[in-house]
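Peer 1: Here you go, one structure.
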Amino acid sequence: MNVLRNAFTVGTLTLLSRVLGFVRDATMAAVVGAGVAADAFFVAFKLANLLRRLFAEGAFAAGFVPLFARTLAGEGRAAARRFAEEAAAVLACVLFAVVLAAELAMPWLVRLLATGFDPEGPRHALAVELSRITFPYLAFVSLGALAAAVLNGLGRFAAAAATPVVLNLVLIGALAAAVGLDLVPVYPLAWGVFTAGLLQLALLAVALHRAGFPLRPRPPRLGPRLRRLFALVLPGAVGAGVYQLNLVVDTWFASHLEPGAISWLFYADRLVQLPLGAVGVALGTALLPELSRQLRQGREEAARATLNRALEACLLLALPAAAALAVAGRPIVAGLFERGAFDSADTAATAAALAAFALGLPAYMAIKVLAPGHFAREDTRTPVAVASLCLLANLVLVALLVGPLGHVGIALATALSNWVNAFLLALLLRRRGHLRPDRRLARRTLRVLLATAAMTAVLAGLDGLAFPTDAVLRVILLVTAGLATYAVAAFALGAVRPGDVREWFRRSGRTA
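Just so you know, the sequence shown maps onto residues 52 to 563 in our numbering.
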C-alpha cells in the first residue's frame, strides 16, 4: 500500500467533486441567492450533515479502521467481513432510532440549531419542512461511511472518494429541474439530498461486491469485538460532537445576524473546502490505514517518517492555497457566484468571510494529517480533550469577535480555534515520541513560506489592475498567474524538486 499514491487517488476524485461542487454552488447562488429560502435550506442541510459527521465519518472510521485492519491481518477475510456485518447491523439500528426521533422532534431541533429564527416566521417553518426531507440522508450516508471504511481498509479508495460526485451531480440536476419546471428551488434541492444518499449507498454496495467483500444483513449482536469498537468510537463520537458543536455555535450566532449571514458563511466555507478536500481529507483518508498497518508491524520509525512526509505534502499545498483565497477572495467569489440572485453586496460579504476562513486553512489541513497519528494507535481520547478545549476557545472567540466584526468574526474565530487544535495535536504527538519533525520538513516549510510570499505579491499586484473586466476571465487570470508563480518560486527556492514525487513514492514503498 502506498500512502501518497492512495492520497493522490482520493485527492483527484475529491478535486473532481469540489469542481462539480463549484458548479452546484454557483448555480445555487444564481437560482436561490442568499436570502430567507437559502438560509432555511442551509440549516436543513447542515443539520443532516452535522449528525452524519458525528455518527459516521470521523468517529466511526477512526475506531473501525484500525480494528478492521487488525482483524483482516490476524484472522482473515471471513472474520473481518463478519466484524463489518455486525458493526453495520448495530449502526443501522441506532440510525433508524435517531432518524425516527429527529423527524418527530424536528421543530425543536431546528430551533436548537438556529436560535435566531423566529419560531413563527417563514425561515423556521421552511427549515423544519426541508429538514424532514433531508434528514434520512444521515442514515444512508452513515451506512455508506462504514462501507467506505471497509473499502479503505482493503486498500480500495476510489469508490468511496467518488461518492461526493454523486451528491453534486444530483443537486445540479435538481436545480436544473427547478428552473426548467419553474419550481421553488429549495424543494427539489432537499429531495435531491435524499436521493443522493440512496445512490451513494448503492454505489458503495456495488464496490464491495466487486471487491469480493459483500456485507450481508445480520441480527444486531454486541460481541467482544463490537464492544471494543464502541469503546473506541464513543470517545471519538464525543470529540466529533464537540467539533460539531463549534458549527452549531457558529450557526447560533449567525442566525441572530441579518438575513444572508448563514448563506455568506456557507459559500465562503465551500471555497475553503476545495483545497481542504483535495489535500487534507485525501491525505488523512490514505494515512490512517497506512499508519495502522505500520504500527501493527511494530515499525514506529517508518510511521514517523510517513507522518513527516504527509505534513510536508500538506504544507506544500495548504500555505499557497490559504494565501490565494485570502488575497484574491473577492474576484474569485465574484467570478464564481455573482450572478442572478447573488449580487455585489453578497460578494463583498462572502469574500470577507472567505479571507477569515482562509487564515485557518493550513491548520485545518494539518489536523487531518495529525489526527490519524492518534487514531492509528487506537487513541480516540486525546482528540476529545483537544476538541473540548477548542470548543471553549471558539465560543469565547466568537463572543468577542461577532460584535465588532459580524459574520466575519464567526469565520475568524473558527480559523483561530483550528490553529489551537493543530498545535495541541502536534504537541502531544511530539511529547509521546510519535512525531519528530526532521530537517527536511523544517527546510521545506521555510522555502514554501518564501514561495508563497512571492505568489501573494503577484496576486496582490494583479488584483489591483482594472482588467480584464469579465469576472470569469479575471478568475482564470489570477488562478493561472498564481499557480505559475508559485510553481516557479517553489522550484527555484528548493521548496519542491523535480524528483520529489518519485522519492515520496519510493520512500512510501520502502516503508510498506
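Each residue gets a CB set at the ideal place from its N, CA and C atoms; glycine is no exception.
Let's test the definition: count the other Cβ atoms within 10 Å of the Cβ of Cys144 and tell me whether it reaches 16, buried, or not, exposed.
Peer 2: Your numbering for residue 144 matches position 93 in the sequence shown. Classification of Cys144: exposed, given that the 10 Å Cβ count is below 16.
Peer 1: Judging by CA-CA distance, which residue of Ala505, Ala225 and His458 is the nearest neighbour of Leu544?
Peer 2: Locating residue 544 in the sequence shown gives position 493, counting from the first residue. It is Ala505.
Peer 1: To the nearest angstrom, report how far apart Tyr238 and Leu181 are at their CA atoms.
Peer 2: The residue you call residue 238 lines up with position 187 of the sequence shown. The residue you call residue 181 lines up with position 130 of the sequence shown. Answer to the nearest angstrom: the Cα atoms are 7 angstroms apart.
Peer 1: Is His307 helix, strand or coil by DSSP?
Peer 2: In the sequence shown, the residue the question calls residue 307 occupies position 256. The answer is coil: DSSP assigns His307 none of H, G, I, E or B.
Peer 1: Rounding to the nearest angstrom, what Cα-Cα distance links Leu451 and Phe96 in this structure?
Peer 2: Here residue 451 refers to the residue found at position 400 when the sequence shown is read from its first residue. Here residue 96 refers to the residue found at position 45 when the sequence shown is read from its first residue. If I take the Cα positions, the gap works out to 28 angstroms.
Peer 1: Look up Pro326 in the DSSP assignment and say whether it is helix, strand or coil.
Peer 2: Residue mapping note: residue 326 aligns to position 275 of the sequence shown, counting from 1. It is helical.
Peer 1: Does Ala156 come out as helix, strand or coil in the three-state DSSP assignment?
Peer 2: Position 105 of the sequence shown, counted from the first residue, corresponds to residue 156. In the structure shown, Ala156 sits in coil (DSSP, three-state: anything other than H, G, I, E or B).
Peer 1: With 16 other CB atoms within 10 Å as the buried threshold, where does Trp303 fall?
Peer 2: In the sequence shown, residue 303 corresponds to position 252, counting from 1. Buried is the call here.
Peer 1: Just checking my contact of Phe119 with Val244 at CB under 8 angstroms: how many whole Å lie between their CB atoms?
Peer 2: For the purposes of this step, residue 119 is taken as the residue at position 68 of the sequence shown. For the purposes of this step, residue 244 is taken as the residue at position 193 of the sequence shown. Phe119 to Val244, Cβ: 29 angstroms. No contact.
Peer 1: Tell me which residues share the same chain as Glu309 and place their Cβ nearer than 6 angstroms to its Cβ, disregarding the 5 neighbours each side in the sequence.
Peer 2: On the sequence shown, residue 309 is found 258 positions in, with the first residue counted as 1. Cβ neighbours of Glu309 beyond the five flanking positions: none.
Peer 1: When you compare only the Cα positions, how much space is there between Ile313 and Ile461?
Peer 2: Here the question's residue 313 lines up with position 262 in the sequence shown. Here the question's residue 461 lines up with position 410 in the sequence shown. Cα to Cα, the separation comes out at about 10 angstroms.
Peer 1: Looking only at C-alpha atoms, which of Lys419, Ala407 and Ala262 sits nearest to Pro456?
Peer 2: The sequence position of residue 456 within the sequence shown is 405, counting from 1. According to the sequence displayed, residue 456 carries Leu and not Pro. Selected option, being the one with the closest Cα: Ala407.
Peer 1: Below 8 angstroms on the Cβ atoms is my contact criterion, and I expect Phe115 with Leu280 to pass it. Report the Cβ-Cβ distance as a whole number of Å.
Peer 2: As a first step, residue 115 is located in the sequence shown; it is residue number 64 there, counting from the start. As a first step, residue 280 is located in the sequence shown; it is residue number 229 there, counting from the start. Phe115 to Leu280, Cβ: 6 angstroms. Contact.
Peer 1: Closest to Leu327 by CA distance: which of Asn469, Gly424 and Ala262 is it?
Peer 2: Taking the sequence shown and counting its residues from 1, one reaches residue 327 at position 276. Cα-wise, what sits closest to Leu327 is Asn469.
Peer 1: By DSSP, does Glu126 sit in helix, in strand, or in coil?
Peer 2: As a first step, residue 126 must be located in the sequence shown, where it is residue number 75. Of the three classes helix, strand and coil, the one that applies to Glu126 here is helix, per DSSP.
Peer 1: If you compare alpha carbons, which of Val420, Ala466, Ala228 and Ala372 is closest to Thr531?
Peer 2: In the sequence shown, the residue the question calls residue 531 occupies position 480. Of the listed residues, the one whose Cα sits closest to Thr531 is Ala372.
Peer 1: Between the alpha carbons of Leu98 and Phe92, how many angstroms are there, rounded?
Peer 2: Residue mapping note: residue 98 aligns to position 47 of the sequence shown, counting from 1. Residue mapping note: residue 92 aligns to position 41 of the sequence shown, counting from 1. Cα to Cα, the separation comes out at about 10 angstroms.
Peer 1: Measure the beta-carbon distance from Ala392 to Val82 and round it to whole angstroms, keeping in mind my assumption that it falls under 8 angstroms.
Peer 2: The residue you call residue 392 lines up with position 341 of the sequence shown. The residue you call residue 82 lines up with position 31 of the sequence shown. That pair is a contact at about 7 angstroms.
Peer 1: Quick test of the definition: if touching needs 3 or more C-beta pairs under 8 angstroms, does the segment 152-167 touch the segment 123-134?
Peer 2: No contact exists between the segment 152-167 and the segment 123-134.
Peer 1: Decide if the segment 368-386 is in contact with the segment 339-347; the criterion is three or more beta carbon pairs, one per stretch, under 8 angstroms apart.
Peer 2: Result no; under three Cβ-Cβ pairs closer than 8 angstroms.
Peer 1: Of all the options Glu363, Arg261 and Ser439, which has the alpha carbon lying nearest to the alpha carbon of Pro488?
Peer 2: In the sequence shown, the residue the question calls residue 488 occupies position 437. The residue with the shortest Cα to Cα distance from Pro488 is Glu363.
Peer 1: Cα separation between Ala409 and Arg269?
Peer 2: Position 358 of the sequence shown holds residue 409. Position 218 of the sequence shown holds residue 269. Between Ala409 and Arg269, the C-alpha separation is close to 45 angstroms.
Peer 1: If I follow the unbroken alpha helix (DSSP H) through Phe191, where does it start and stop?
Peer 2: Taking the sequence shown and counting its residues from 1, the one referred to as residue 191 is at position 140. Looking at the DSSP string, the run of the alpha helix (DSSP H) that includes Phe191 is Tyr188 to Gly204.
Peer 1: With DSSP run on the structure shown, which of helix, strand or coil describes Gln569?
Peer 2: Residue 569 lies beyond the stretch modelled for the chain, which goes from 52 to 563, so this question has no answer here.
Peer 1: Tell me the rounded alpha-carbon separation between Met52 and Ala354.
Peer 2: Position 1 of the sequence shown holds residue 52. Position 303 of the sequence shown holds residue 354. Low confidence applies here, because Met52 scores a pLDDT of 43, under 50, leaving its location unreliable; read the following figure in that light. Going from the Cα of Met52 to the Cα of Ala354 covers about 13 angstroms.
Peer 1: What's the call for Ser68, buried or exposed, on a 16-neighbour Cβ count within 10 Å?
Peer 2: Numbered from 1 along the sequence shown, position 17 holds the residue referred to as residue 68. Buried, by the Cβ-count rule.
Peer 1: Could you check what DSSP says for Ala565 in three-state terms: helix, strand or coil?
Peer 2: In the structure as shown, the chain begins at 52 and stops at 563. Residue 565 is therefore absent and cannot be evaluated.
Peer 1: Taking the straight line between their C-alpha atoms, what separation do you get for Leu252 and Pro215?
Peer 2: As a first step, residue 252 is located in the sequence shown; it is residue number 201 there, counting from the start. As a first step, residue 215 is located in the sequence shown; it is residue number 164 there, counting from the start. One C-alpha to the other measures close to 11 angstroms.
Peer 1: Considering only C-alpha positions, which residue in the set Ala396, Leu273 and Phe208 is nearest to Ala80?
Peer 2: Residue numbering aside, residue 80 sits at position 29 when the sequence shown is read from its first letter. Selected option, being the one with the closest Cα: Ala396.
Peer 1: Check this for me: beta carbons of Ala477 and Leu421, under 8 angstroms apart or not?
Peer 2: On the sequence shown, position 426 is the one that residue 477 refers to. On the sequence shown, position 370 is the one that residue 421 refers to. Taking 8 angstroms as the Cβ cut-off, Ala477 and Leu421 qualify as a contacting pair.
Peer 1: Considering only residues of the same chain and omitting the five flanking positions on each side of Leu463, which have a CB-CB separation below 6 angstroms?
Peer 2: On the sequence shown, position 412 is the one that residue 463 refers to. Same-chain partners within the cutoff: Ala407 and Leu452.
Peer 1: Relative to the C-alpha of Val539, which residue among Gln324, Leu524 and Thr503 is closest?
Peer 2: As a working note, residue 539 is residue 488 in the sequence shown. Of the candidates Gln324, Leu524 and Thr503, the one whose C-alpha sits nearest the C-alpha of Val539 is Thr503.
Peer 1: Express the C-alpha separation of Ala374 and Gly533 in angstroms, rounding to a whole number.
Peer 2: Walking along the sequence shown from the start, residue 533 turns up at place 482. Walking along the sequence shown from the start, residue 374 turns up at place 323. Going by the C-alpha atoms only, they are around 10 angstroms apart.
Peer 1: Below 8 angstroms between beta carbons: does that hold for Leu71 and Leu220?
Peer 2: Within the sequence shown, residue 71 is the residue found at index 20, counting from 1. Within the sequence shown, residue 220 is the residue found at index 169, counting from 1. A contact, by the Cβ cut-off of 8 angstroms.
Peer 1: What is the residue span of the alpha helix (DSSP H) that Ala375 lies within?
Peer 2: Taking the first residue of the sequence shown as 1, we reach residue 375 at position 324. Glu351 to Val378 is the extent of the alpha helix (DSSP H) around Ala375.
Peer 1: For Ala399 and Leu405, I'd like the C-alpha separation in whole angstroms.
Peer 2: As a first step, residue 399 must be located in the sequence shown, where it is residue number 348. As a first step, residue 405 must be located in the sequence shown, where it is residue number 354. So the two alpha carbons sit approximately 10 angstroms from each other.
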